[in-house]
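These protein sequences, in sequence, are chains A and B.
Read in this note's numbering, the first sequence has 282 at position 282, and its numbers run on one by one without any break.
Read in this note's numbering, the second sequence has 1070 at position 70, and its numbers run on one by one without any break.
Note that beta-carbon positions come from the ideal geometry of N, C-alpha and C, so glycine has one too.
As structure tokens, the structure follows; a few thoughts come after it.
Protein chains: 2
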Amino acid sequence: MIKKARLFTPGPTALHPDVQLALGRPIVHHRTDEFRALLKECSAGLKEFFRTQDDVLVLASSGTGGMEAAVVNLLSPGDKMLALVAGNFGERWEKIGKSYGMNVTSLTAQWGEAVSPAEVAAALDRDPEIKAVFCQLSESSTGACHDVKALAEITRNRPKTLLVVDAISGAGAMQLETAEWGIDVVVVGSQKALALPPGLAFISVSQRAWERVDASTAPRFYFDLKRERKSQAGGETGFTPAISHIVALKASLDFIAGLGGVAKLVENAGLLAGMTRAAAHALRLPLVAPKAYGDALTALYPPQGIESGAIVKGLKADYMSTVAGGQGALKGKIFRIAHLGYYDVTDILGLIGTLEVVLKRLGYSFELGQGVAAAQGELLRRTGARG
Amino acid sequence: MIKKARLFTPGPTALHPDVQLALGRPIVHHRTDEFRALLKECSAGLKEFFRTQDDVLVLASSGTGGMEAAVVNLLSPGDKMLALVAGNFGERWEKIGKSYGMNVTSLTAQWGEAVSPAEVAAALDRDPEIKAVFCQLSESSTGACHDVKALAEITRNRPKTLLVVDAISGAGAMQLETAEWGIDVVVVGSQKALALPPGLAFISVSQRAWERVDASTAPRFYFDLKRERKSQAGGETGFTPAISHIVALKASLDFIAGLGGVAKLVENAGLLAGMTRAAAHALRLPLVAPKAYGDALTALYPPQGIESGAIVKGLKADYMSTVAGGQGALKGKIFRIAHLGYYDVTDILGLIGTLEVVLKRLGYSFELGQGVAAAQGELLRRTGARG
């Protein structure tokens, strides 16, 4: 049987074909007018993607490098930081902070839930010396999301407290209005909604965050944002850029512009997520984050008596579709289906169709086609008379 | 909404990714040892694909060029030829024959049916001077197929009568045993089960067919098979070959070998065709060829009161999936879904899922998911406990 390899993981995601073609182009040199013009075009496109006129800098690193850059450029050792921990990636903020000697306080949500803005406001009221709040837009380990808009309403009127958002897997899949909402720093990765391979991180820095960078004494070299700001204003990066990725980034930004902008990309993920939740409901597969789900991915518990690992393995072995298992505390307990990036209705109907067959093979009792039918119904409900 | 372009047409079909990469390689020269070795490897792989040790020659042309090559190399003007006409492509044999002054007799089936071997035997008994029978393995205009095995049983014991099979869209989707069944000439095109772009035709020639080539006086230059046989035995083509296509052909043949050979490719098309017929039955969409269907494609009538063109347009406009409309006498009356080539279960479940949504939007009354459920049931029935 032919089995086409398909990734339905919350990173890496499917590459856009124009990205693939761009990655295959001959290499160009980065200290040239041609490359400088390209990087400036990418910077302009990234600002549209981030919905801000703040600087958006490009780093040759994974998303975690962008998270570290946020911590080491904004804080000084001993500074108080508040981490909102709703899963595996929230814990990463704690670990980075502790690695650099920050005074880390955490607000922890049950996995599958989010930290409420009211809790954050109370914590900041108790300790006004907290220099920054760090959170995820989408917590990829559970599919939960933080109410970043409400969090920004809390921080933007507190002169001492910045808001730093890991939107690595959330940007491009859920609404994110960096400027309008007043978010100070946003981190994004290339292998998510932008449909690029891993290798680039992007970070936006607000005016008041730049003031903090001037005061920060945390040690840094590669992730020195002031150097990058100066270099990238001239179309160069401080160190050797991931050239082919940046050529491909332009192709990705052009694709998104052609689609009608990032709002359309967000709408697409929302449609696929809504179809997937409808299918999950019809198939009686519980959401991991029923009260705080986002649209970047859908995390699901398996039916009682069936191992989530058997579902992940069945989809891979039988149909070469890769969905993600659980991480950390949820390892072996859930499975996760991504919607961020370059996926369409035909993809998700095909995946739900094969998921049903895998569940049936594992002995789960339900009517074949009932998940697909619910997804089709949601599609009709959301798109009306025409697609 | 993101809409990925997908072809579900009986040619061109989806390119295999290794074919795409091969097409993108730097060009090589064709009068070199490197290319000669490549063409010889391709010839060996094509013999496995055709299931014969007969010569299989590569032509830079569409499939129709291969059909013309068969006529002009086997017959002389005024020779009697019998065309089995079950649709648009059967009519092409008549047109080519008449263009070269052959004495063309036809056996015509209702569109959607095939010419029966008994009719052919009777026609040959009536006129033993018929030099060759020309037919389609898969008649792409209706989805019907001829019983080529039974036809070969009739012709192989008649010294005067050759059997020429247009397997352009049938080979690799349905069983075809060129040597074992005793077929004299088989024509295949690149843009079908081989998952290449259009641009190459392949033609196998049996020993007794070569004897006929020596005697043929029909005019020919580009399609002179004797010249090609001599050139290609040495790894060269008579005229400039479509070099990149041949580089890609090797990638395609390697893919098929890795799958386990042409029988596995045939099994895959059979699975997808079976799933599609099950869905069609559940959705009450009549087969165009209910008594003679093949597995290369499924041709369907729309429900009463719905235009087939509206289905084709809806799938394209709403989901960017291209299925074929009707041709010739069936233009505007049917739609056709291909299974030949690089397609998998996830593809066909996604297509059936979107087809249902299109039908629902067009006002057709049925339960969403019922076609998908029937296809899933057929998948489980055919693949058993594991996929």
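Leucine 1039 of chain B - DSSP class collapsed to helix/strand/coil: helix
Amino acids of chain A, ordered along the chain, whose beta-carbon sits closer than 7 angstroms to that of leucine 1368 of chain B: Ala373, Gln376 and Gly377
Euclidean distance between Cα positions of leucine 1007 of chain B and arginine 1126 of chain B: 45 angstroms
Identity of the residue in B:Gly1384, B:Val1357 and B:Gly1063 nearest arginine 361 of chain A by Cα: B:Gly1384
Neighbour list for arginine 6 of chain A in chain B, Cβ cutoff strictly below 7 angstroms: Thr1346
Three-way DSSP call (helix, strand, coil) for isoleucine 1203 of chain B in this model: strand
Residues near lysine 250 of chain A by beta carbon distance below 8 angstroms, same chain, minus five either side: Ala22, Leu38, Glu41, Cys42 and Gly45
Per-residue DSSP class, three states only, for glutamine 136 of chain A: strand
CB contact check: tyrosine 364 of chain A to chain B, cutoff 7 angstroms: No, tyrosine 364 of chain A lies away from the interface with chain B (no Cβ there is under 7 angstroms from its Cβ).
Buried or exposed (CB count within 10 angstroms, at least 16 for buried), arginine 212 of chain A: buried
Identity of the residues DSSP links to aspartate 1166 of chain B by a beta bridge: B:Gln1136 and B:Val1187
Pair within 7 angstroms by beta-carbon distance, valine 1019 of chain B and serine 1252 of chain B: yes
Beta carbon proximity, lysine 1192 of chain B to chain A, threshold 7 angstroms: no
The segment 23-57 of chain A: positions lying closer than 9 angstroms to chain B by Cβ: Answer in chain order: Gly24.
Stretch pair the segment 1138-1158 of chain B + the segment 361-372 of chain A: three plus CB contacts closer than 8 angstroms: no
Option in B:Val1247, B:Gln1207, B:Lys1316 and B:Ala1324 with minimal Cα separation from leucine 1297 of chain B: With distances taken between Cα atoms, leucine 1297 of chain B lies closest to B:Ala1324.
Cβ neighbours of glutamine 53 of chain A in the same chain (closer than 8 angstroms, five flanking residues each side left out): Lys47 and Ala179
Within-7 angstroms CB hit, threonine 354 of chain A to chain B: yes
Cross-strand partners of lysine 98 of chain A (DSSP beta bridge): Per DSSP, none; premise fails for lysine 98 of chain A.
C-beta contact flag for glycine 353 of chain A and leucine 1349 of chain B at 7 angstroms: yes
Interface residues of chain A facing methionine 1001 of chain B [CB-CB closer than 8 angstroms]: Chain order gives the chain A residues near methionine 1001 of chain B as Lys264, Glu267, Asn268, Leu271, Asp344, Val345, Thr383 and Gly387, where near means a beta carbon separation below 8 angstroms.
DSSP state of phenylalanine 50 of chain A mapped onto helix, strand, coil: helix
C-alpha distance - arginine 227 of chain A paired with leucine 271 of chain A, whole-angstrom precision: Distance from the CA of arginine 227 of chain A to the CA of leucine 271 of chain A, rounded to the nearest whole angstrom, comes to 40 angstroms.
Residue interval of the beta strand (DSSP E) (run including lysine 1080 of chain B): 1080-1085
First through last residue of the beta strand (DSSP E) which encompasses arginine 1220 of chain B: Arginine 1220 of chain B -> no beta strand (DSSP E), and no H or E assigned at all.
Closer than 7 angstroms to chain B by CB, tyrosine 293 of chain A: no
Length of the line joining the Cα atoms of histidine 30 of chain A and glycine 238 of chain A: 11 angstroms
Status (buried if at least 16 other CB within 10 Å, exposed otherwise) for serine 99 of chain A: exposed
Start-to-end residues for the alpha helix (DSSP H) that takes in arginine 277 of chain A: 262-282
Contiguous alpha helix (DSSP H) assignments of at least 4 residues, all confined to the segment 1230-1264 of chain B: 1243-1259
Per-residue contacts from serine 1321 of chain B into chain A (C-beta, under 7 angstroms): Thr346
Simplified DSSP state of aspartate 147 of chain A, which is helix, strand or coil: coil
Alanine 1312 of chain B at chain A interface by Cβ criterion, 7 angstroms: In the sequence on display, residue 1312 of chain B carries valine and not alanine. No, no contact with chain A.
Beta-carbon proximity check, lysine 331 of chain A vs serine 308 of chain A, cutoff 7 angstroms: no
Test: valine 357 of chain A CB closer than 7 angstroms to a CB of chain B: yes
Short Cβ contact (7 angstroms threshold) for alanine 144 of chain A with leucine 340 of chain A: no
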